[in-house]
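Enquirer: Numbering (mature numbering (1 follows the signal peptide of the UniProt record, and there is no 0)), first residue to last: -29 to -1, 1 to 262. I'd like to ask you about the structure that follows.
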Amino acid sequence: MRRKMMQFKRLGWALSAIALGSGASLVWANAGEGKRAQPSNVDTAVAQLLKTRLPRTQVSKIDCQVVEGICEVTAGSQLFYVDRSARYLLIGRVYDMETRQDLTAVRLLEVNPDLLVGGAAGRRREAEDVEAPRRGISTAATARTAATGNPRTMSLAALPEAGGIVWGNPSGKTVTVFSDFRCGYCRALASELEAMNVRVIERPISLLGSRDLANQVFCARDRRKAIKAAYAGAPIIGSSPCDTSPLDANERFAREQGIAGTPVIVRSDGAVIEGFRPRAVLETWLKGASS
């Protein structure tokens, strides 16, 4: 009973992070259109129920057509899910295992890209623990950094060179990225790094059940094309079985370092950023590398 009470208490703290006002509004703009979309009958019914159950949460959109039986709720820059009775609330990620797409990550990027750069979603530490993994941040490692007051650093000297998939500009600044090919934030980061014309050493790790996919990319004839295909959810062309033990080394290193979320970006001097950052932030950060 005490455990259940603590769970409900933590849920209450998490909900406080998305309580942005009072009432609920169900008029929103269609993505990519100037028109106003009308909610379905189910959307409207769920909205009415949420007015009673979450009276202080300003709901800006409800979509009950994303996943069968689940409604996606947008409240300002926050995203969560409820069942169609609005009795059960779910905070976390939704993955499409057929398309290998992180649906939550894509929607969060659409709702508010700045959320990935800024601080935690709420003032309470418990709310931070809910939001940080969704942004690709290891809460344990972040807590250690906060406790010491020092930026995190990471030595990659023990890692075998073979475990890195190199792409980008051979003469550009080098960054190492621990990534998961089913991580939406890793996909977004790859796009930013490609536009920055840097040299990337990508070290795949499997946090989202993606080891088979990582093996295919690692064993592909053209790894650069394979990476793009993996992030796009497309088939990997030209891959045949090979020795993937270097990927095992990546996995062991990630566990030893307490990497619990992706992406994790390591600069040439060992400085670390956990989670997605946009191009402007990354460019400034890379300039700070010690020679």
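The beta-carbon is built from N, C-alpha and C at its ideal position, and this holds for glycine as well.
By DSSP, does Ala242 sit in helix, in strand, or in coil?
Expert: Correct three-state label for Ala242: strand.
Enquirer: As an exercise, report each continuous beta strand (DSSP E) stretch of at least 3 residues that is fully enclosed by the stretch 192 to 248, in chain order.
Expert: Those beta strand (DSSP E) runs which fall completely within the stretch 192 to 248 and span 3+ residues are 235 to 238, 243 to 245.
Enquirer: Check for me: the alpha helix (DSSP H) holding Glu165 runs from which residue to which?
Expert: 155 to 167 is the extent of the alpha helix (DSSP H) around Glu165.
Enquirer: Using the beta-carbon count (16 or more within 10 Å), is Leu253 buried or exposed?
Expert: The residue is buried, with at least 16 neighbouring Cβ atoms inside 10 Å.
Enquirer: According to DSSP, simplified to helix, strand and coil, what is Lys144?
Expert: Three-state DSSP puts Lys144 in coil, outside helix and strand.
Enquirer: Give the straight-line distance between the Cα atoms of Ser162 and Arg170, rounded to the nearest whole angstrom.
Expert: Approximately 13 Å between the Cα atoms of the pair.
Enquirer: Check whether the stretch 193 to 202 and the stretch 232 to 248 touch, using three or more Cβ-Cβ pairs below 8 Å as the test.
Expert: With a cut-off of 8 Å, the stretch 232 to 248 and the stretch 193 to 202 do not count as touching, because too few Cβ pairs lie within range.
Enquirer: Does residue 270 come out as helix, strand or coil in the three-state DSSP assignment?
Expert: Nothing about residue 270 can be read from this structure; the chain reaches only from -29 to 262.
Enquirer: Out of Val44, Lys258, Ser56, Ala220, point me to the one whose CA is closest to Gly143's CA.
Expert: Answer by Cα proximity: Lys258.
Enquirer: What number of angstroms, rounded off, separates the C-alpha of Ile41 from the C-alpha of Ala57?
Expert: Approximately 9 Å, taken between the alpha carbons.
Enquirer: Cβ atoms of Asp214 and Ser181: under 8 Å apart, would you say?
Expert: Result no, Cβ atoms of Ser181 and Asp214 do not sit closer than 8 Å.
Enquirer: At what residues does the alpha helix (DSSP H) containing Arg182 begin and finish?
Expert: Where Arg182 is concerned, the enclosing alpha helix (DSSP H) stretches over 182 to 189.
Enquirer: DSSP state of Leu178, grouped into three classes?
Expert: In the structure shown, Leu178 sits in coil (DSSP, three-state: anything other than H, G, I, E or B).
Enquirer: Have a look at Met167 and Arg174 and give me their C-alpha separation to the nearest angstrom.
Expert: Taking the straight line from one Cα to the other gives about 19 Å.
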